[in-house]
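A.B. asks:
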Amino acid sequence: MRRSEKQITNRQQLEELLKNGREMQLAMHNGDFPYVLPLNYGYADNCLYFHCALQGKKLDCLRTNPKVGFCVGEVVKRIDGDKPCDWSTRFRSVVGSGTAEIIEDRDGKIAGYDIIMRQFGGPVGNYEEKNLKGSLLVKIGIESMTGKQSL
5 MRRSEKQITN RQQLEELLKN GREMQLAMHN GDFPYVLPLN YGYADNCLYF
55 HCALQGKKLD CLRTNPKVGF CVGEVVKRID GDKPCDWSTR FRSVVGSGTA
105 EIIEDRDGKI AGYDIIMRQF GGPVGNYEEK NLKGSLLVKI GIESMTGKQS
155 L
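Here the sequence shown is numbered in this note's numbering, starting from 5 and rising by one per residue.
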């Protein structure tokens, strides 16, 4: 990282960012170009979780190549200025890479949904069978991550 004074090296701080985040940008391989999507997610035990439909472009990409990149960011404060270049933000972010695993079994889906619901402070369990049967869970095992902040 060019600006080493802005780097977040503390693992606990990186995990707090992931635990408190609500949306991640997920980058996948799609032939010659990357495919990036914003997704709601849950974080637990060095893994990110999200749900999806039984078919679609996202799954096509992940089945072709499960290696992904992700970013979770938080704007802490916008800094206004008199001139355009005086404007800025105070932020924190974590970027990383990992390998996606598609979870199709009922118990695995429930465990992943519980992690996502806890991330948002919602109720866990008692998922409708039609929702479990009509969705898949994706678990991303984080292989590397780094953070940056400007506070």
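C-beta: ideal position from N, C-alpha, C; glycine also.
1. So, helix, strand or coil for P38, using DSSP?
2. Can you look up N135 in the DSSP assignment and give me helix, strand or coil?
3. DSSP on Y45, reduced to helix/strand/coil?
4. Under a three-way DSSP split, which group does Q59 fall into?
5. Quick one: measure Cβ to Cβ for E147 and G116, integer angstroms, because I've assumed they're closer than 8 angstroms.
6. Look at the alpha carbon of G138 and the alpha carbon of N69, and state the distance between them as a whole number of angstroms.
7. Looking only at DSSP bridge pairs, what is S148 linked to?
8. Over the uninterrupted alpha helix (DSSP H) stretch that includes R110, give me the two end residues.
9. What are the boundary residues of the alpha helix (DSSP H) that K71 is part of?
10. In whole angstroms, what separates the C-alpha of E108 from that of Q153?
11. Please state the DSSP three-state secondary structure of L30.
12. In the DSSP assignment, what residue or residues form a beta bridge with K10?
C.D. replies: This is what the structure gives:
1. Here residue 38 corresponds to residue number 34 of the sequence shown, with the count starting at 1. Correct three-state label for P38: strand.
2. As a working mapping, residue 135 is identified with position 131 in the sequence shown. If DSSP states are grouped into helix, strand and coil, N135 belongs with the helices.
3. Taking the first residue of the sequence shown as 1, we reach residue 45 at position 41. Taken through DSSP and simplified to helix, strand or coil, Y45 comes out as coil.
4. As a first step, residue 59 is located in the sequence shown; it is residue number 55 there, counting from the start. Here Q59 sits in coil by DSSP.
5. Here residue 147 corresponds to residue number 143 of the sequence shown, with the count starting at 1. Here residue 116 corresponds to residue number 112 of the sequence shown, with the count starting at 1. E147 to G116, Cβ: 19 angstroms. No contact.
6. In the sequence shown, residue 138 corresponds to position 134, counting from 1. In the sequence shown, residue 69 corresponds to position 65, counting from 1. Rounded to the nearest angstrom, the two C-alpha atoms are 23 angstroms apart.
7. Position 144 of the sequence shown, counted from the first residue, corresponds to residue 148. Answer by DSSP bridge pairing, in chain order: S101.
8. In the sequence shown, counting from the first residue as 1, residue 110 sits at position 106. Start and end: R110 to Q123.
9. Translated into the one-based positions of the sequence shown, residue 71 becomes position 67. Segment K71 to I83 is the beta strand (DSSP E) holding K71; no alpha helix (DSSP H) there.
10. Locating residue 108 in the sequence shown gives position 104, where the first residue counts as 1. Locating residue 153 in the sequence shown gives position 149, where the first residue counts as 1. Those two C-alpha atoms are separated by around 37 angstroms.
11. Residue numbering aside, residue 30 sits at position 26 when the sequence shown is read from its first letter. In the structure shown, L30 sits in a strand (DSSP, three-state: E or B).
12. For the purposes of this step, residue 10 is taken as the residue at position 6 of the sequence shown. Answer is none; K10 lacks a bridge partner.
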